[in-house]
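S.K.: In the UniProt record's numbering, the protein residues as written are 1 to 442. Ideal placement from N, C-alpha and C gives every residue a C-beta, glycine not left out. First, the structure itself, so that you have it in front of you.
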């Protein structure tokens with residue numbers, strides 16, 4: 001079979017065994033809508049709250065163009081990955097890389113995926129703790145109270161460790177126990193709906209402010225009297241990390257009836273996320289203007305002086321918390337799969353993780369307990385994972401796929417593919433360097 005390659009414009013032969021997903025046919029009943037939901041929800045994560053601040057720096061027009069450009073580059077790199085995902089090993093990102101770079105390359109990717117996903121889960125726990133129970137300064141003074149404490153007061157059972165544990169056991173753990181990625185598509189769909197609720201609230205408030213003459217003036221292009229070129233460049237890693245869903249591609253693809261359906265799902269997901277990213281950035285900036293904070297939730301806290309304002313603030317914070325809770329299982333799924341491969345890679349006769357109950361429950365509960373304990377015991381570990389994640393996620397999304405093309409073990413890459421791969425890799429190196437410098441500087 002021959003298909004039209006988006007990245008090269010030439011007819012590129014697919015590998016002979018990519019017609020079907022490389023897993024047992026009994027588990028290949030995943031749908032394209034389910035894949036769209038799962039891919040989209042990994043992109044619409046915690047970073048959505050920082051998009052309005054980047055639009056403030058870039059301006060409306062350049063901000064939209066950067067979002068679209070990063071989405072296009074993401075589509076190219078996923079196309080690179082899918083074209084070289086042809087064997088039974090390609091049910092994880094590391095399995096695909098092992099075909100081109102052997103065990104050492106596979107190990108490096110597993111470590112990057114584990115660091116990235118583990119860091120994201122810990123950060124999600126920390127954010128959930130902040131939303132539910134507030135954030136303490138010097139261990140005593142509250143910067144702001146959480147939703148639970150505002151409603152029920154300050155008690156031991158509204159403390160951060162207990163409230164977060166209760167929330168996680170009843171709302172997150174049941175989804176962690178689902179054994180197939182496609183089973184998470186329903187919760188992923190709800191998480192996207194909650195993101196749309198946030199967009200609807202922000203846009204309604206922005207239109208009301210515009211009608212009342214209280215809206216903020218918008219910056220169409222960057223204002224170089226306020227922001228330097230470096231300030232503008234440092235916004236790009238926000239979008240790059242947001243679109244870094246590459247580790248989830250193969251587990252989702254493995255459950256689809258046709259492997260080619262993944263291309264369709266990825267493109268629909270990118271369109272959805274571009275729309276949500278820009279809508280969030282535009283309306284958030286229109287609503288709060290130059291006073292927009294890096295975390296837009298802080299702005300909602302500061303604007304909750306009236307009863308209606310407090311109600312909207314609670315709705316926004318709770319919808320955001322529920323959204324993160326429903327994204328959590330998708331990220332955990334890939335983390336668990338890669339840790340299982342890392343620990344049991346020497347056993348060629350081991351059954352699939354989903355069919356081995358002791359192994360599945362042991363990994364699931366251990367990861368849940370470890371990430372929870374880490375987030376509660378060391379809340380400042382956020383900065384450590386933010387630093388590492390800004391490096392590993394860029395590598396996974398925009399350096400490894402071009403490296404696969406340049407290796408070209410199947411001899412199917414064109415000259416145009418190689419040029420694109422080099423350009424993407426160079427841009428990724430620059431972006432990663434900027435992200436590292438920014439994290440060290442701030």
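Helix, strand or coil: how does DSSP classify residue 178 here?
M.R.: DSSP places residue 178 in coil when its eight states are reduced to three.
S.K.: Helix, strand or coil for residue 406? Go by DSSP, reduced to three states.
M.R.: It is helical.
S.K.: Tell whether a beta-carbon distance below 7 Å holds between residue 323 and residue 187.
M.R.: Not in contact: residue 323 and residue 187 (Cβ atoms no closer than 7 Å).
S.K.: Let me know the alpha helix (DSSP H) ranges lying completely inside the region 167-240, each 4 residues or longer, listed in chain order.
M.R.: Entirely contained in the region 167-240, the alpha helix (DSSP H) runs reaching 4 residues are, in chain order, 173-176, 185-211, 229-233.
S.K.: State the Cα-Cα distance for the pair residue 227 and residue 329, rounded to the nearest angstrom.
M.R.: Cα to Cα, residue 227 sits roughly 38 Å from residue 329.
S.K.: How many angstroms separate the CA atom of residue 118 from the CA atom of residue 371?
M.R.: About 7 Å.
S.K.: How would you write the range of the alpha helix (DSSP H) that residue 251 sits in, first residue to last?
M.R.: Looking at the DSSP string, the run of the alpha helix (DSSP H) that includes residue 251 is 249-253.
S.K.: Taking the straight line between their C-alpha atoms, what separation do you get for residue 8 and residue 225?
M.R.: Its pLDDT being 43, under 50, residue 8 is placed unreliably by the model, and the measurement read from it follows with that caveat. Each residue's Cα considered, the two are about 41 Å apart.
S.K.: Start and end of the alpha helix (DSSP H) containing residue 126?
M.R.: Run containing residue 126: 93-133, per the alpha helix (DSSP H) assignment.
S.K.: Looking only at its chain, what residues have a beta carbon closer than 7 Å to the beta carbon of residue 67, apart from the 5 residues adjacent to it on each side?
M.R.: Excluding sequence neighbours, residue 67 sits near 239, 274, 277, 278.
S.K.: Could you please give the first and the last residue of the uninterrupted alpha helix (DSSP H) stretch that includes residue 377?
M.R.: 357-377 is the extent of the alpha helix (DSSP H) around residue 377.
S.K.: Do you know whose CA, among 147, 242, 152, 43, lies nearest residue 189's CA?
M.R.: Selected option, being the one with the closest Cα: 43.
S.K.: Quickly, what does DSSP pair residue 256 with across the bridge? List them, please.
M.R.: In DSSP, residue 256 forms a bridge with 30.
S.K.: Alpha carbon to alpha carbon, what distance is there between residue 154 and residue 141?
M.R.: With a pLDDT of 46 at residue 141, under the threshold of 50, the modelled position of that residue is not reliable, and no figure is offered here.
S.K.: State whether the region 192-209 contacts the region 280-298, with contact taken as three or more CB pairs (one from each stretch) at a distance under 8 Å.
M.R.: Counting Cβ pairs under 8 Å, three or more are found: they touch.
S.K.: Roughly how far, in whole angstroms, is the beta-carbon of residue 452 from the beta-carbon of residue 398, given that I think they are within contact range, below 8 Å?
M.R.: As shown, the chain starts at 1 and ends at 442. That puts residue 452 outside it, with no answer to give.
S.K.: What are the boundary residues of the alpha helix (DSSP H) that includes residue 44?
M.R.: First-last for residue 44: undefined, no H or E at that position.
S.K.: Where does residue 422 fall in DSSP's three states?
M.R.: Helix, per DSSP.
S.K.: Output needed for residue 296: all residues of its chain with C-beta closer than 7 Å, excluding positions within five of it in sequence on either side, in chain order.
M.R.: These residues qualify, in order along the chain: 49, 52, 284.
S.K.: Nearest to residue 362 by alpha carbon, out of 336, 321, 99?
M.R.: Nearest C-alpha to residue 362: 336.
S.K.: Where does residue 299 land, buried or exposed, given buried means 16+ other C-beta within 10 angstroms?
M.R.: So residue 299 counts as buried.
S.K.: Tell me whether residue 167 is buried or exposed, calling it buried when 16 or more other Cβ atoms sit within 10 Å of its Cβ.
M.R.: Result: buried.
S.K.: When you compare each of 130, 176, 62 to residue 367 by their alpha carbons, which one comes out closest?
M.R.: Considering only alpha carbons, the answer is 176.
S.K.: Classify residue 85 as helix, strand or coil using the three-state DSSP reduction.
M.R.: Looking at residue 85 - three-state DSSP - the assignment turns out to be coil, as it is neither helix nor strand.
S.K.: Whose CA, out of 411, 410, 400, 413, lies closest to the CA of residue 427?
M.R.: Nearest of 411, 410, 400, 413 to residue 427, Cα basis: 400.
S.K.: Just verifying my parser: in three-state terms, what is the DSSP assignment at residue 62?
M.R.: Helix, per DSSP.
S.K.: Under a three-way DSSP split, which group does residue 325 fall into?
M.R.: Helix.
S.K.: Shortest alpha-carbon distance to residue 146 belongs to which of 317, 380, 232, 420?
M.R.: With distances taken between Cα atoms, residue 146 lies closest to 317.
S.K.: When the Cα atoms are used, what is the spatial distance from residue 221 to residue 61?
M.R.: Roughly 6 Å separates the two Cα atoms.
S.K.: Could you check where the alpha helix (DSSP H) with residue 412 kicks off and where it finishes?
M.R.: Segment: none, residue 412 is in no alpha helix (DSSP H) and carries neither H nor E.
S.K.: Leaving out five residues before and five after residue 32 in sequence, what residues of the same chain have Cβ atoms less than 8 Å from its Cβ?
M.R.: Excluding sequence neighbours, residue 32 sits near 256, 261, 264, 265, 268.
S.K.: Classify residue 125: buried if its beta carbon has 16 or more other beta carbons within 10 angstroms, exposed otherwise.
M.R.: Buried, by the Cβ-count rule.
S.K.: Which same chain residues end up closer than 6 Å to residue 105 when comparing Cβ atoms and leaving out the 5 residues on each side of it in sequence?
M.R.: Result list for residue 105: 97, in chain order.
S.K.: Is it right to say residue 217 is buried, meaning 16 or more other beta carbons lie within 10 angstroms of its own, or is it exposed?
M.R.: Looking at its Cβ environment, which holds fewer than 16 other Cβ atoms inside 10 Å, residue 217 is exposed.
S.K.: If you draw a straight line from the alpha carbon of residue 259 to that of residue 408, how long is it in whole angstroms?
M.R.: Taking the straight line joining both Cα atoms gives about 20 Å.
S.K.: Which whole-angstrom value describes the C-beta separation of residue 447 and residue 184, a residue pair presumed to lie in contact below a C-beta threshold of 8 Å?
M.R.: Not covered by the structure: residue 447. The range shown for the chain is 1 to 442.
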